[in-house]
Amino acid sequence: MATRTNGNKYLADFMVKGKRYRKQFDSKIEAEEYETNIRARLHRGERVDDADKRAAEPLTISQLFTKVILNVWKDTPNEPTAIQHCSMLERFFGEKTLASKININDLDKFVLHCRERGNAPATIKLKLATFSKAFTFAVSREWIDKKPLIPEIPMGDNKRNAFFSEEEEEDILDCLEELGEDYFADFFMWQIDTGMRPSEARAIHSNQVMADPNLGYVVNLLETKNSEHRQVPLTRRAYIAYRNHHTKGKMWAHWTKERVRTVWDKVRKSLGRVGDKDFIFYLCRHTCGSRLVQRTGNIKLAQDWLGHKNIDQTMRYAYLNSSSFLSGLSALEYGIKSDDKKVTNLSAYTDKTPRNSKEEKVS
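Following my numbering, the numbering of the sequence shown begins with 388 at its first residue and continues without gaps.
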């Protein structure tokens, strides 16, 4: 194959019967596929127009997913999940179904199929996200003309059991100690205090942790869900977790979805939470977000810390509790003068006599 790198691109550059063919691609496999197609068409005596030298036959959904997995997900933390979702979609629609023939009505049937199998709305949404990303990439490469509309999946109310309480956190850590899962306990604390998505944590290398003159230690996230780099400060115990495992390089790569599920199932059983579908490991991220908002009142801080592209995602952590009301009360009281002194606590309420009471004080 006459394919070589050209900066961060791949260049297919070859000669056939004295005529040169040259085209640049984002991936090596696309460049090699281009050369193979050109040589095959010329061998069959077919004409190759300059305007469309790699005019391809219509792709089946199986062919589309195979190409996208190689170009988008290969060797990334999301590759196993993408393969699983694509295989499920292939089985449902049929491997030989043309990708261009799938429309929103077909996807509605897929959603119904997932619901009948007992999939939660969030799970269905993830499967549709895989489909959407694959077809968006295919459109960008002109493998298909357009992407079908993607059904909206109502998520319902996510506020119930949206985070681990401090008591639950202590119970989980005690349980992990009894189970001898010290490595997972460090990962658990790291996740709560950094608020990273598990996929982001698996991707980081220990050399991405560095000293900061103002924040102590921080971790620079280079591989994120929205492809935007961000920096997260480390708490004392997150730093200790880092020190315990920094020699591994990618400190948390061991904790794949399957390994997390195995340990978490043990925790569920030990704590009597087997039937609680809301008791999931991903609550570590929600716990971090909830604590940031509740303890600082700063929604923008939580958004930047968690890497939310849309602040609406962060607003789920802004529901009010008694602490929120107390901070609001304190903010409103501050600045009100009583006997030339600012009211900053609850001492102003020690006189319980109603304002309009006719009761007379006895001298």
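All residues carry an ideal CB built from backbone N, CA and C; glycine is no exception.
What is the DSSP secondary structure of residue i, reduced to helix, strand or coil?
i	result
Thr484	coil
Asn607	strand
Lys512	helix
Pro535	coil
Lys635	helix
Thr390	strand
Ala625	helix
Asp599	strand
Thr517	helix
Val435	coil
Arg630	helix
Thr366	Look at the range of the chain in this structure, 388 to 750, and you will see that residue 366 is not part of it.
Gly676	helix
Trp642	coil
Trp530	coil
Ser725	Here the model assigns Ser725 a pLDDT of 44, short of 50, so the residue's position is not dependable and the matter cannot be decided.
Leu707	Any reading at Leu707 must be qualified, since the residue scores a pLDDT of 49, below 50, and its modelled position is unreliable; the value itself is stated next. Correct three-state label for Leu707: coil.
Arg441	Here Arg441 scores only 43 on pLDDT, less than 50, and its place in the model should not be relied on; the value that follows carries that caveat. Of the three classes helix, strand and coil, the one that applies to Arg441 here is coil, per DSSP.
Asn548	Residue confidence for Asn548 is low, a pLDDT of 47 falling below 50, so the modelled location carries little weight and cannot support an answer.
Asp493	helix
Thr463	coil
His430	helix
Asn458	helix
Arg504	coil
Pro585	helix
Can you name the residues that DSSP bridges to residue i?
i	result
Phe412	Tyr397
Lys406	Val403
Val647	Answer is none; Val647 lacks a bridge partner.
Arg617	Leu608
Here's the rule I'm using: 16 or more other beta-carbon atoms within 10 Å means buried, otherwise exposed. How should residue i be labelled?
i	result
Lys454	buried
Ser552	exposed
Gln690	buried
Arg502	exposed
Lys394	It is worth fixing the name first, because residue 394 is Gly in this sequence and not Lys. Exposed, since its Cβ has fewer than 16 Cβ neighbours within 10 Å.
Asp437	Note on Asp437: pLDDT 47, under 50, position unreliable in the model; the coordinate value appears next. Looking at its Cβ environment, which holds fewer than 16 other Cβ atoms inside 10 Å, Asp437 is exposed.
Met597	exposed
Met752	With the chain represented from 388 up to 750, any question about residue 752 goes unanswered, as that position is not in the structure.
Tyr587	Note on identity: in this sequence residue 587 is Glu, with Tyr being the wrong assignment. When all chains shown are included, Glu587 counts as buried.
Ala572	buried
Leu608	buried
Gly567	exposed
Ala389	exposed
Lys514	buried
Pro541	exposed
His633	exposed
Pro600	exposed
Arg646	exposed
Ala585	In the sequence as displayed, the identity of residue 585 is Pro instead of Ala. Classification of Pro585: buried, given that the 10 Å Cβ count is 16 or more.
Ala525	buried
Ile511	buried
His616	exposed
Glu422	buried
His695	buried
Ile698	exposed
Ser563	Checking the sequence, you will find Leu at residue 563 rather than Ser. Result: buried.
Leu476	buried
Leu719	exposed
Thr701	buried
Lys739	Confidence at Lys739 is low in this model, with a pLDDT of 43, below 50, so its placement is unreliable and no value can be given for it.
Leu679	buried
Ala392	It is Thr, not Ala, that sits at residue 392 in the sequence shown. Exposed is the call here.
Could you tell me whether any non-hydrogen atom of the ligand FMN is closer than 8 Å to the CB of residue i?
i	result
Asn424	With respect to the ligand FMN, the structure offers nothing, as it holds no ligand at all.
Measure the beta-carbon distance from residue i to residue j and round it to whole angstroms, keeping in mind my assumption that it falls under 8 Å.
i	j	result
Ala549	Ser677	6 Å
Arg682	Gly582	Not a contact, Cβ separation roughly 13 Å.
Trp651	Phe668	5 Å
Ala640	Arg589	5 Å
Glu417	Asn465	About 20 Å; that fails the 8 Å criterion.
Ile491	Leu536	4 Å
Ile448	Ala399	Wrong, their Cβ atoms sit about 26 Å apart, outside the cutoff.
Ile591	Val605	About 12 Å; that fails the 8 Å criterion.
Phe336	His500	With the chain covering 388 to 750 only, the question about residue 336 has no answer from this structure.
Ser593	Tyr570	Not confirmed; about 15 Å, so no contact.
Original post:
Does the segment 552-563 come close enough to the segment 642-658 to have 3 or more Cβ pairs within less than 8 Å?
Top reply: These segments touch.
Original post:
Can at least three beta-carbon pairs, one atom from the segment 424-438 and one from the segment 401-416, be found at a separation below 8 Å?
Top reply: Proximity of the segment 424-438 to the segment 401-416 meets the contact definition, three or more beta-carbon pairs being nearer than 8 Å.
Original post:
Does the segment 487-497 come close enough to the segment 454-464 to have 3 or more Cβ pairs within less than 8 Å?
Top reply: They do not touch, by the three-pair rule.
**OP:** Answer yes if the segment 621-636 comes into contact with the segment 524-533, meaning at least three C-beta pairs across the two stretches below 8 Å, and no otherwise.
**Re:** By the criterion of at least three beta-carbon pairs nearer than 8 Å, the segment 524-533 is not in contact with the segment 621-636.
**OP:** Pair every Cβ in the segment 457-476 with every Cβ in the segment 504-520, then say whether three or more of these pairs are closer than 8 Å.
**Re:** Yes, the segment 457-476 is in contact with the segment 504-520.
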